[in-house]
Every structure is written in C-alpha cells, then in structure tokens.
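Engineer: Everything in the sequence shown is counted per full-length UniProt numbering, starting at 1 for the first residue and increasing by one.
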Amino acid sequence: MSLTLYGFDASPYVRTVKMLLKEKDASFDQLHVNVMKGEPHAPEHLARHAFGKIPVIDHDGFKVIETSAIMTYLDDVLPGISLTPDNAKDRARSQMAQGIDDSYGYSAMVSVFGYYLFPDFIGGQNNDSLREGIDDSKLVLGELMRMKGNDAFIAGKNLSIGDLFLAPACAYLTMTPAADQVLSIDGFSDWWGRIKTLSSFKTTPPA
C-alpha cells in the first residue's frame with residue numbers, strides 16, 4: 001500500500017487527518033505543502049487540488065481531496081479501530097460535529113487563535129473580529145458539548161471523526177490569552193482531558 005499525505009503540519013485539518021492515521025496505526029509518507037509560503041497555489045499542487053487547499057491524500061494512485069471525504073475514505077479502507085459510530089444516532093452526532101466545525105467552528109476559532117499566533121495569515125489583528133470570534137467560538141463549543149451530553153466523547157463513549165475535527169483548533173486556542181474565556185464551556189474540560197491523553201494527539205504537534 002502506498003499512502004501519501006500532502007499538507008502542512010500547522011494546519012488543523014492536516015492534523016485531523018494525521019490523528020486518524022495514528023489511530024489506525026497506518027504507515028504513510030508526508031509531502032509538506034507550506035501554506036505560509038503559498039505552496040498550495042504552486043502548479044504542482046494545483047494539479048492535486050484545483051482550489052489550492054490542503055490536505056490531499058494519494059492512496060495507491062487514488063486521490064482524495066477535502067477533509068471530510070478523506071476521513072471517511074481512510075476510516076473505510078484502513079484496518080484498525082473504526083472511528084465511525086456503529087449506530088445511526090451517534091453517526092449523526094459525529095457528522096453534525098464535522099459539519100459544525102467546517103461551517104462555523106473553524107472560521108470562528110481561527111479568528112481567535114490567528115489573532116495571537118498567526119496574525120499575518122488572517123490579515124492582521126482586528127479587535128472586532130477577535131471579539132466576534134470569541135463569541136462564535138463559545139457558541140460552537142457550547143453546542144458541541146450539549147450534543148456530547150454526559151458521554152465521554154462527542155458522539156458517544158468512543159472516539160470518533162467528530163472529535164478529531166475539533167481537537168486541533170482547540171489545541172491552538174489553549175495557546176492564547178483568550179483560552180480561559182473561550183474554553184470555559186460546561187463539559188469541555190472533561191472532553192479536552194481525554195483528548196490530551198490520546199497518543200494520536202501527543203504525536204502530531206503542529207510544526
């Protein structure tokens with residue numbers, strides 16, 4: 001089997017994919033595509049992803065783009081534990097978590113951690129965007145923790161793809177002065193404590 005991941009270790013979405021690969025104990029190669037240097041828009045990467053995004057995977061010559069599709073595909077084809085819940089309600093929770101993160105969560109959280117950690121990447125430090133990002137991030141995390149309820153993870157008692165989508169951006173939030181304000185959501189600290197113990201989390205730090 002040949003599996004290549006194209007991506008930049010500072011990307012939360014790339015870390016999401018790498019965490020799944022670690023959970024699956026899969027062997028893979030990584031070709032670094034540096035977002036900060038504009039490499040996703042180089043001709044060789046545009047041939048992989050016409051919209052100049054990361055991550056991309058190539059599995060035995062089959063290319064998959066977009067993180068949701070990559071995660072579903074890899075969970076289906078790789079041996080090891082399944083990260084897709086085995087019942088309809090929990091699968092829906094995992095898929096809702098992915099959708100919420102994609103549609104609302106990442107943009108909100110990047111406006112917070114980007115303000116402190118990568119201001120040039122988000123076009124500079126804008127205080128209005130920061131305040132809005134904090135409010136929106138709290139809304140997102142509050143909804144996800146409400147969905148989680150008393151379970152250990154977002155979609156039940158076991159780790160799922162939904163958790164892997166959320167974890168990398170939250171890791172960046174913990175590095176900022178806004179962490180206490182954003183992450184003081186009921187249920188978050190218990191969930192985060194479990195995420196931090198995962199080998200797949202500990203072995204995929206952002207570069």
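Note that CB positions come from ideal geometry on N, CA and C, so glycine has one too.
Since we're looking at a predicted model, the values are computed, not measured.
With a cut-off of 8 Å, do at least 3 Cβ pairs link the stretch 51-71 to the stretch 2-14?
Structural biologist: Yes, since at least three Cβ pairs between the stretch 51-71 and the stretch 2-14 fall closer than 8 Å, the two stretches touch.
Engineer: Any idea what DSSP makes of His49, helix, strand or coil?
Structural biologist: The answer is coil: DSSP assigns His49 none of H, G, I, E or B.
Engineer: Assess contact between the stretch 27-34 and the stretch 127-143, defined as three or more Cβ pairs (one per stretch) separated by less than 8 Å. Is contact present?
Structural biologist: Verdict: no, contact absent.
Engineer: If I measure Cβ to Cβ from Met175 and keep anything under 8 Å in the same chain, skipping five residues before and after, which residues do I get?
Structural biologist: The residues are Phe113, Tyr116 and Leu117.
Engineer: Keeping to the same chain, check which residues put their C-beta closer than 7 Å to that of Gly142; ignore five residues upstream and five downstream.
Structural biologist: Taken in chain order, the residues that qualify are Ile185.
Engineer: Any idea which residues DSSP pairs Lys63 with across the strands?
Structural biologist: Answer is Asp58, bridged to Lys63.
Engineer: Quick check on DSSP: helix, strand or coil for Asp163?
Structural biologist: Three-state result, Asp163: helix.
Engineer: DSSP on Phe118, reduced to helix/strand/coil?
Structural biologist: Phe118: coil per DSSP, three-state reduction.
Engineer: Touching or not, the stretch 37-54 and the stretch 7-26, by the rule of three or more beta carbon pairs under 8 Å?
Structural biologist: The stretch 37-54 vs the stretch 7-26: in contact.
Engineer: Could you spell out the range, first to last residue, of the alpha helix (DSSP H) harbouring Gln30?
Structural biologist: Here Gln30 belongs to no alpha helix (DSSP H); instead the beta strand (DSSP E) covers Asp29 to His32.
Engineer: Would you call the CB atoms of Thr197 and Lys22 closer than 8 Å?
Structural biologist: Contact: no.
Engineer: Quick check on the DSSP output: the alpha helix (DSSP H) that includes Thr4 runs from which residue to which?
Structural biologist: Taken as a continuous stretch (DSSP letters only), Thr4 belongs to no alpha helix (DSSP H), being part of the beta strand (DSSP E) at Leu3 to Gly7.
Engineer: CB Ile100 to CB Ser111, shorter than 8 Å?
Structural biologist: Taking 8 Å as the Cβ cut-off, Ile100 and Ser111 do not qualify as a contacting pair.
Engineer: For Gln187, which three-state DSSP category applies?
Structural biologist: It should be pointed out that residue 187 corresponds to Gly in this sequence rather than to Gln. Correct three-state label for Gly187: coil.
Engineer: If you check the beta carbons only, do Val144 and Leu173 fall under 8 Å apart?
Structural biologist: Correcting the residue identity first, residue 144 is Leu in this sequence and not Val. No, they are not a contact pair.
Engineer: Within the continuous alpha helix (DSSP H) that includes Pro12, where are the two ends?
Structural biologist: From DSSP, the alpha helix (DSSP H) with Pro12 extends over Pro12 to Glu23.
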